[in-house]
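Take the sequence shown: its position 65, counted from the start at 1, is 65 in full-length UniProt numbering, and no numbers get skipped.
Glycine included, every Cβ here is placed at the ideal spot set by N, Cα and C.
Here the structure is a predicted model, which is why all the values come from computation and not from measurement.
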Amino acid sequence: CQPIEHEASASTTGVIHPQPNTFFIECVYKDGSKVTTVVATPGQGPDRPQEVSYTDTKVIGNGSFGVVYQAKLCDTGELVAIKKVLQDKRFKNRELQIMRKLDHCNIVRLRYFFYSSGEKKDEVYLNLVLDYVPETVYRVARHYSRAKQTLPMIYVKLYMYQLFRKLSSNPALASILIPPHVRNQAPASTPTNASAVSGEPQCASA
1 CQPIEHEASA STTGVIHPQP NTFFIECVYK DGSKVTTVVA TPGQGPDRPQ
51 EVSYTDTKVI GNGSFGVVYQ AKLCDTGELV AIKKVLQDKR FKNRELQIMR
101 KLDHCNIVRL RYFFYSSGEK KDEVYLNLVL DYVPETVYRV ARHYSRAKQT
151 LPMIYVKLYM YQLFRKLSSN PALASILIPP HVRNQAPAST PTNASAVSGE
201 PQCASA
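Here it is as structure tokens:
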């Protein structure tokens with residue numbers, strides 16, 4: 001493995017708790033597989049940065065403000081979703097601040113977060129490492145629609161009950177995730193404006 005080190009010296013302006021010395025290492029092996037190692041901070045608990053390695057990265061979604069990747073943690077083999085969001089200095093993005101406070105069975109868990117640099121100068125990205133949930137209510141509804149069937153009422157009741165439990169301010173169908181074999185949904189995005197300050201431009205979640 002020939003590691004390629006990337007170091008991001010990010011400006012703190014407009015960025016939530018940035019780490020100016022964040023870096024990541026990419027190792028490409030002979031079989032074509034790539035392992036990325038980053039210094040990340042746990043989503044909950046003390047701010048104790050640690051090395052996190054992941055592989056099998058692929059794009060699984062795009063939003064207005066970011067891209068979502070699927071990856072596999074090297075130490076546990078678990079699948080995670082990595083939401084990469086550009087830190088736009090024109091907006092106040094409170095997603096990280098809110099995600100670190102949330103602990104609910106119907107909201108995806110923030111495992112880690114880290115910052116990375118972009119291709120342009122002073123371009124900084126916030127990367128949120130979240131629990132991976134493969135299905136959405138939108139896809140389930142579309143499946144039944146294409147089959148010319150209605151969504152079973154038991155699913156409607158379950159989804160609505162859990163949706164109201166989390167009281168999300170962003171109930172887009174594509175943001176409501178469904179774990180496989182378990183009729184229990186979790187939102188992919190969070191109410192980033194829940195802590196909005198009057199007079200400040202806000203950044204909606206992707």
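For residue i, report the span of its alpha helix (DSSP H) as first-last.
{"i": "Val137", "result": "137-146"}
{"i": "Gln97", "result": "95-99"}
Can you give me the Cβ contacts of residue i inside the same chain, cut-off strictly under 8 Å, excluding the 5 residues immediately before and after it?
{"i": "Thr55", "result": "Ser33, Lys34, Val35, Thr36, Ala71, Lys72, Cys74"}
{"i": "residue 209", "result": "Missing from the structure shown is residue 209; the chain here goes from 1 to 206 and no further."}
Buried or exposed: where does residue i fall if 16 or more other Cβ atoms within 10 Å of its Cβ makes it buried?
{"i": "Asn127", "result": "buried"}
{"i": "Tyr161", "result": "exposed"}
{"i": "Leu95", "result": "In the sequence as presented, Leu is not what sits at residue 95; that position holds Glu. That one is buried."}
{"i": "Gly66", "result": "buried"}
{"i": "Lys89", "result": "exposed"}
{"i": "Lys83", "result": "buried"}
{"i": "Val156", "result": "exposed"}
Is the beta carbon of residue i sitting closer than 8 Å to the one on residue j?
{"i": "Gln99", "j": "Leu86", "result": "Per the sequence presented here, residue 99 reads as Met, with Gln not at that position. Not in contact: Met99 and Leu86 (Cβ atoms no closer than 8 Å)."}
{"i": "Val52", "j": "Tyr144", "result": "no"}
Could you spell out the range, first to last residue, of the beta strand (DSSP E) harbouring residue i?
{"i": "Leu128", "result": "124-131"}
{"i": "Gln50", "result": "50-62"}
{"i": "Pro42", "result": "34-42"}
{"i": "Phe114", "result": "110-117"}
{"i": "Tyr69", "result": "66-73"}
{"i": "Lys83", "result": "79-86"}
How long is the line joining the alpha carbons of residue i and residue j, rounded to whole angstroms?
{"i": "residue 232", "j": "Val129", "result": "Not covered by the structure: residue 232. The range shown for the chain is 1 to 206."}
{"i": "Lys150", "j": "Val59", "result": "Here residue 150 turns out to be Thr, not Lys, going by the sequence shown. Going from the Cα of Thr150 to the Cα of Val59 covers about 30 Å."}
{"i": "Gly118", "j": "His104", "result": "32 Å"}
{"i": "Glu123", "j": "Phe114", "result": "14 Å"}
{"i": "Ala147", "j": "Ser64", "result": "30 Å"}
{"i": "Leu163", "j": "Met153", "result": "15 Å"}
{"i": "Gln50", "j": "Ala40", "result": "5 Å"}
{"i": "Asp31", "j": "Thr76", "result": "21 Å"}
{"i": "Asn106", "j": "Asp47", "result": "25 Å"}
{"i": "Gly45", "j": "Tyr29", "result": "34 Å"}
{"i": "Val133", "j": "Val38", "result": "22 Å"}
{"i": "Arg165", "j": "Pro42", "result": "25 Å"}
{"i": "Val140", "j": "Tyr159", "result": "11 Å"}
{"i": "Lys120", "j": "Asn62", "result": "20 Å"}
{"i": "Glu26", "j": "Gln97", "result": "28 Å"}
{"i": "Tyr138", "j": "Glu78", "result": "24 Å"}
Skipping 5 residues on each side, what residues in its chain have a beta carbon closer than 6 Å to that of residue i?
{"i": "Asp131", "result": "Val108, Arg109"}
I want to check one thing, is the minimum distance from the CB of residue i to the heavy atoms of the ligand NAD below 7 Å?
{"i": "Asp75", "result": "Ligands in the displayed structure: none, and consequently the ligand NAD is not present."}
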